[in-house]
Amino acid sequence: MIERLTQSRIFKSIIRSGLPDTPLKKSMVMFNNFVLHIFPVKIKRHGIKFSFTYCMGGISFLLFVILTITGVLLMFLYAPTVERAYHDMKFLSTGVYNGQILRNLHRWAAHAMIVTVFLHMIRVFYTRSYRPPREFNWVVGVILFVLTLALSYTGYLLPWDQLAYWGITVGTTIAGYTPLIGDEVRFFMLGADEVGQPALLRFYVMHCIVVPLLAAGFMAIHFWRIRKDGGISDPL
Amino acid sequence: MAEETTEKKEGVFEKAPDKTYGLMELVEGTSPLVEKKPEDLVDTWPHYIVPMTLCILAVTLVLLIFSWLFNAPLEEMANPLITPNPGKAPWYFTGIQELIHYRWAPPAVMGVIIPVIIVIWLFLIPYIDIKEKRTVLVILFILFVFGAVLLIVIGSLFRGENWGFVVPWG
Ligand code: HEM
Numbered sequence: 001m002i003e004r005l006t007q008s009r010i011f012k013s014i015i016r017s018g019l020p021d022t023p024l025k026k027s028m029v030m031f032n033n034f035v036l037h038i039f040p041v042k043i044k045r046h047g048i049k050f051s052f053t054y055c056m057g058g059i060s061f062l063l064f065v066i067l068t069i070t071g072v073l074l075m076f077l078y079a080p081t082v083e084r085a086y087h088d089m090k091f092l093s094t095g096v097y098n099g100q101i102l103r104n105l106h107r108w109a110a111h112a113m114i115v116t117v118f119l120h121m122i123r124v125f126y127t128r129s130y131r132p133p134r135e136f137n138w139v140v141g142v143i144l145f146v147l148t149l150a151l152s153y154t155g156y157l158l159p160w161d162q163l164a165y166w167g168i169t170v171g172t173t174i175a176g177y178t179p180l181i182g183d184e185v186r187f188f189m190l191g192a193d194e195v196g197q198p199a200l201l202r203f204y205v206m207h208c209i210v211v212p213l214l215a216a217g218f219m220a221i222h223f224w225r226i227r228k229d230g231g232i233s234d235p236l
Numbered sequence: 001m002a003e004e005t006t007e008k009k010e011g012v013f014e015k016a017p018d019k020t021y022g023l024m025e026l027v028e029g030t031s032p033l034v035e036k037k038p039e040d041l042v043d044t045w046p047h048y049i050v051p052m053t054l055c056i057l058a059v060t061l062v063l064l065i066f067s068w069l070f071n072a073p074l075e076e077m078a079n080p081l082i083t084p085n086p087g088k089a090p091w092y093f094t095g096i097q098e099l100i101h102y103r104w105a106p107p108a109v110m111g112v113i114i115p116v117i118i119v120i121w122l123f124l125i126p127y128i129d130i131k132e133k134r135t136v137l138v139i140l141f142i143l144f145v146f147g148a149v150l151l152i153v154i155g156s157l158f159r160g161e162n163w164g165f166v167v168p169w170g
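Heads up: the sequence lines are chains V and B, in that order. If you're matching positions, the first sequence starts at 1 in the working numbering and goes up one per residue. If you're matching positions, the second sequence starts at 1 in the working numbering and goes up one per residue.
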């Protein structure tokens, strides 16, 4: 049955190499598949050991994908205006099928991603994987760390509840302490002197467009560099 | 490595008379590694793809169960006239808030300059990891990690009205 299916013209037109039962076909699966070709055909044995990476980079990326999917779904149900934002959030739990779960997934995945990225950074430091030729990928990593925080922070205002409003007020007040240009920094973030409609719009655009695109771009560089730097680093 | 394997083997290199090309050389080995030790490689499919898929499913399942059990917070609608006491930043920034609270230096230093210096220092780590000074770097990194965790835990859980000390179970 499976044999007949995998030999059919339609199946073969999609996945050329058929079931990966020989070494050649095992390579072809990796090589010919759009998603899988990001990985090498053969991989270092120690590099796929859980106790070397703890999969923290991979899980960070998985969470980013989950956040992108749930985030797009949320965008269908949310308008970034002072009048609507809060009620849209409320409506998720009362009037949208599985809306509360959707919001929970997005929120908890965001928190989890900060934790996994932080743990990933600690792992890379511990295994000293930033040694040459991987110095620059560590730099890309730190950029990703900052962008991850920026993603979470810009999303924090969007529900427009007390937590969001005062959380952003506290955060932007701290940013306003910046020497010399403090007021300008704060104004740049809020689009006004206080948190209000301009801030909500700015945070929304940053959260849904600017920062995710930046993060995705740097992740592409990050993964590209892992391959170009010769895969996962060797043990110490 | 290459020299030993390239000696001509009888029969293999005979050129077919009707062809303009022939096999010139055989190099044994599975990957083009030059001047490197052979690596211990395994097939990505299935040795990596299968555990990775299981890992993806497991993480997704845990996240689903967690989201099913716990709701994301949603308080009253934002009201500029009602200031909560204390007003807290999101948990990943309460560490900075806690740092400012100590008033060892003006808030500009504690809240902006120190965090910025830490990020710049993080960027530089690969370039300042010199053998003689490695112990210093490791100690600083440990201090950074545990310091950040400690400040965040105190700032998030142990701070109440007017940023006074409270216990979360009190
Ligand atoms: C959004 C954030 C990030 C994502 C999605 C990500 C993803 C990954 C993945 C999937 C790997 C493969 C190995 C592993 O899983 O451990 C990796 C390796 C690496 N990451 Fe990240 N990373 C992120 C942030 C960071 C940060 C914050 C740093 C350091 C400051 C960093 C530095 C590195 C380095 C140097 C490697 C190569 C490690 C080696 O060869 O052993 N990354 N990253």
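C-beta atoms are modelled at their ideal positions from N, C-alpha and C, and glycine is treated no differently.
Between residue i and the rest of its own chain, which residues show a CB-CB distance below 7 Å, the 5 nearest in sequence each way excluded?
i	result
S17 of chain V	K25, M28, V29 and N32
I38 of chain V	F223
L157 of chain B	P168
I122 of chain V	none
L63 of chain V	A109, A112, M113 and T116
T20 of chain B	none
T154 of chain V	F203, M206, H207 and V211
E3 of chain B	Model confidence at E3 of chain B stands at a pLDDT of 44, short of 50, so the residue's coordinates are unreliable; what they give is reported in the following sentence. Excluding residues within five positions, none has a Cβ falling inside 7 Å.
G47 of chain V	G231 and I232
F11 of chain V	L5
T169 of chain V	V195
W105 of chain B	Here residue 105 of chain B is Ala; the residue named in the question, Trp, does not match the sequence. So no residue of the chain qualifies.
V130 of chain V	For the sequence presented, residue 130 of chain V should be read as Tyr rather than Val. Same-chain partners within the cutoff: V124 and W138.
L180 of chain V	none
F144 of chain B	I118
If I'm right that residue i touches residue j with Cβ under 8 Å, what's the distance once you round it to whole angstroms?
i	j	result
L149 of chain V	M219 of chain V	Incorrect: roughly 15 Å between the Cβ atoms, too far for contact.
L158 of chain V	Y204 of chain V	6 Å
G155 of chain B	T94 of chain B	3 Å
P235 of chain V	W45 of chain B	With 8 Å as the limit, P235 of chain V and W45 of chain B do not qualify as a contact, their Cβ atoms being about 24 Å apart.
I113 of chain B	L36 of chain V	Contact flag wrong, Cβ pair sits at about 46 Å.
R237 of chain V	N137 of chain V	No information on residue 237 of chain V is available, as it lies outside the stretch 1 to 236 that chain V covers here.
A237 of chain V	A78 of chain B	What is shown of chain V runs 1 to 236, which leaves residue 237 of chain V out entirely.
G141 of chain V	V124 of chain V	7 Å
L41 of chain B	I43 of chain V	7 Å
A89 of chain B	G217 of chain V	Rounded, the Cβ-Cβ distance is 27 Å, inconsistent with contact.
L74 of chain B	M89 of chain V	6 Å
Below 6 Å CB to CB, which residues in the same chain sit around residue i once its five sequence neighbours on both sides are set aside?
i	result
G133 of chain V	In the sequence as presented, Gly is not what sits at residue 133 of chain V; that position holds Pro. Only D229 meet the Cβ criterion.
N85 of chain B	E161
I59 of chain V	T116
G170 of chain B	none
I66 of chain V	A109
L150 of chain B	none
A215 of chain V	L147
M110 of chain B	L99 and I100
D275 of chain V	Since the displayed chain V opens at 1 and closes at 236, residue 275 of chain V lies outside it and no answer follows.
I142 of chain B	none
Enumerate in chain order the residues of its own chain whose CB-to-CB distance from residue i is below 8 Å, with the five nearest sequence positions on each side excluded.
i	result
V96 of chain V	L77 and L102
L200 of chain V	P80, T81, V82, A85, L157, L158 and W160
D183 of chain V	G176
I152 of chain B	W91, Y92, T94, G95 and E98
L137 of chain B	I125, I128 and D129
L119 of chain V	Y54 and M56
G196 of chain V	V82 and L190
A16 of chain B	G22
P40 of chain V	M30, R227 and G231
M75 of chain V	C208
Under 7 Å: does the beta carbon of residue i sit that close to some heavy atom of ligand 2?
i	result
L64 of chain B	As presented, the structure is devoid of ligand 2, carrying ligand 1 as its sole ligands.
Along chain C, which residues have their Cβ under 8 Å away from the Cβ of residue i?
i	result
Y127 of chain B	Protein chains V and B are contained in the structure displayed, whereas chain C is not.
inquiry  = Tell me whether the stretch 115–134 of chain B and the stretch 62–74 of chain B touch, counting them as touching only if at least three CB pairs, one residue from each stretch, are closer than 8 Å.
reply    = Output reads no: the stretch 62–74 of chain B does not touch the stretch 115–134 of chain B.
ask   = Between the stretch 103–122 of chain V and the stretch 180–198 of chain V, do three or more beta carbon pairs fall short of 8 Å?
value = The answer is no - the stretch 180–198 of chain V does not touch the stretch 103–122 of chain V, with fewer than three Cβ pairs under 8 Å.
request  = Give, in chain order, every unbroken run of the alpha helix (DSSP H) that is at least 4 residues long and sits entirely within the stretch 43–115 of chain B.
outcome  = Counting only runs of 4 or more, we get 44–47, 49–69 and 91–101.
request  = For the stretch 66–104 of chain V, list the alpha helix (DSSP H) runs that are entirely contained and at least 4 residues long, ordered along the chain.
outcome  = Look at the stretch 66–104 of chain V and you find these whole runs of alpha helix (DSSP H), each 4 residues long or longer: 85–95.
query = Are there three or more Cβ pairs, one per stretch, closer than 8 Å when the stretch 44–59 of chain B is compared with the stretch 50–63 of chain V?
reply = A contact is defined here as three or more CB-CB pairs under 8 Å, and the stretch 44–59 of chain B meets this definition with respect to the stretch 50–63 of chain V.
Inside the stretch 141–211 of chain V only - alpha helix (DSSP H) runs reaching at least 4 residues = Within the stretch 141–211 of chain V, the complete alpha helix (DSSP H) segments at least 4 residues long are 162–175, 182–190 and 197–205, listed from N- to C-terminus.
query = At what residue ranges does the stretch 111–152 of chain B contain a whole run of the alpha helix (DSSP H), taking only runs of 4 or more?
reply = Those alpha helix (DSSP H) runs which fall completely within the stretch 111–152 of chain B and span 4+ residues are 114–128.
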